[in-house]
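Residue 1 is where the sequence shown starts when you use the UniProt record's numbering, and the numbers rise one by one after that.
Glycine included, C-beta positions come from ideal geometry on N, C-alpha and C.
As the structure is a computational prediction, the values presented were derived from the model and not from experiment.
One structure below.
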Amino acid sequence: MANKQKETKKKIRAGYKGEGKVYISASFNNTIVTVCDDSGNALGWGSSGNAGFKGTRKSTPFAATTAVDKVLKKVKENNDLSEVEIYVKGPGPGRDAALRAIRAAGVKIALIADITPIPHNGPRPKKKRRA
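The following block contains the structure:
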C-alpha cells in the first residue's frame with residue numbers, strides 16, 4: 001500500500017491588499033480572532049488557547065491581547081491591510097483588550113460593530129431554585 005501524503009492547510013493567506021475585517025469572538029472562556037478580506041475569506045486566525053494559554057488564563061484580557069498581536073503580526077507579514085472593520089461578538093473579558101491591541105498595532109479602524117446575538121425572549125428558563 002502506498003502512503004498518501006496529507007496536504008496541510010496554511011493558516012495564513014498571502015498577497016492581499018486593501019481593506020479587511022476583524023471578527024472577535026469573546027466568550028467567558030476564550031477569545032477567538034479572525035482576520036478576513038472584504039469578501040469574507042480568512043487571511044489568518046488565532047485564539048488565546050492558540051497563543052499558548054491554558055485553562056482559566058485563556059479568559060484573561062492579557063491572553064486576548066497576545067492572541068490579537070500574534071494574528072496581526074502573521075497577517076501583516078504576508079498582506080497589506082490599509083484599514084479594518086471590527087466586529088465584536090460576546091460578553092467576555094477579552095473584547096475591550098482585543099480592541100486596544102488592534103489600535104496599538106497601528107491599523108486604521110474604519111468601523112467597530114457589536115454583533116452579539118440577543119434573544120427575543122428565547123427558551124423557557126429553568127425552574128426556580130428552592131434552597
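Alpha carbon to alpha carbon, what distance is there between Thr-56 and Thr-31?
As a first step, residue 31 must be located in the sequence shown, where it is residue number 31. As a first step, residue 56 must be located in the sequence shown, where it is residue number 56. Those two C-alpha atoms are separated by around 12 Å.
Tell me where the alpha helix (DSSP H) around Thr-66 begins and ends.
As a working mapping, residue 66 is identified with position 66 in the sequence shown. Unbroken alpha helix (DSSP H) run through Thr-66: 61-78.
Which residue wins for smallest C-alpha separation from Phe-62, given the options Val-75, Asn-41 and Ser-48?
The residue labelled residue 62 in the question sits at position 62 within the sequence shown. Taking only the C-alpha atoms, the option nearest Phe-62 is Ser-48.
Which runs of the alpha helix (DSSP H) fall wholly inside the region 80-112 and span at least 4 residues, in chain order?
Entirely contained in the region 80-112, the alpha helix (DSSP H) runs reaching 4 residues are, in chain order, 94-104.
Mind checking which residues open and close the beta strand (DSSP E) that includes Asp-37?
Translated into positions along the sequence shown, residue 37 becomes position 37. Segment 31-37, the beta strand (DSSP E) holding Asp-37.
If Ala-26 and Gly-122 are in contact, beta carbons under 8 Å, what's the gap, nearest whole angstrom?
Residue 26 sits at position 26 when you count from the first residue of the sequence shown. Residue 122 sits at position 122 when you count from the first residue of the sequence shown. Contact flag wrong, Cβ pair sits at about 20 Å.
Compare the C-alpha of Ile-118 against each of Ala-97, Lys-127, Lys-89 and Ala-131 and name the closest.
For the purposes of this step, residue 118 is taken as the residue at position 118 of the sequence shown. Residue Lys-89 is the option with its Cα nearest to Ile-118.
Roughly how many angstroms separate the alpha carbons of Arg-103 and Asp-37, rounded to a whole number?
Reading the sequence shown from its first residue, position 103 is the one you call residue 103. Reading the sequence shown from its first residue, position 37 is the one you call residue 37. Approximately 18 Å between the Cα atoms of the pair.
With C-beta atoms as the reference, is Lys-58 less than 9 Å away from Asn-29?
Taking the sequence shown and counting its residues from 1, the one referred to as residue 58 is at position 58. Taking the sequence shown and counting its residues from 1, the one referred to as residue 29 is at position 29. Their beta carbons are under 9 Å apart, which means Lys-58 touches Asn-29 by this criterion.
Would Ala-113 and Ala-64 qualify as a contact pair, given that the criterion is a beta-carbon distance under 9 Å?
Here the question's residue 113 lines up with position 113 in the sequence shown. Here the question's residue 64 lines up with position 64 in the sequence shown. No, the Cβ-Cβ distance between Ala-113 and Ala-64 is not below 9 Å.
Determine whether the beta carbon atoms of Gly-46 and Val-71 lie at a separation below 9 Å.
Position 46 of the sequence shown, counted from the start, is the residue given in the question as residue 46. Position 71 of the sequence shown, counted from the start, is the residue given in the question as residue 71. Yes, Cβ-Cβ distance for Gly-46 and Val-71 is below 9 Å.
What residues match up with Gly-18 in a beta bridge as DSSP calls it?
As a working note, residue 18 is residue 18 in the sequence shown. DSSP output for Gly-18 lists Leu-81 as bridge partner(s).
Taking Cβ positions only, does Ala-110 come closer than 9 Å to chain B?
No chain B appears in this structure, which consists of one protein chain only.
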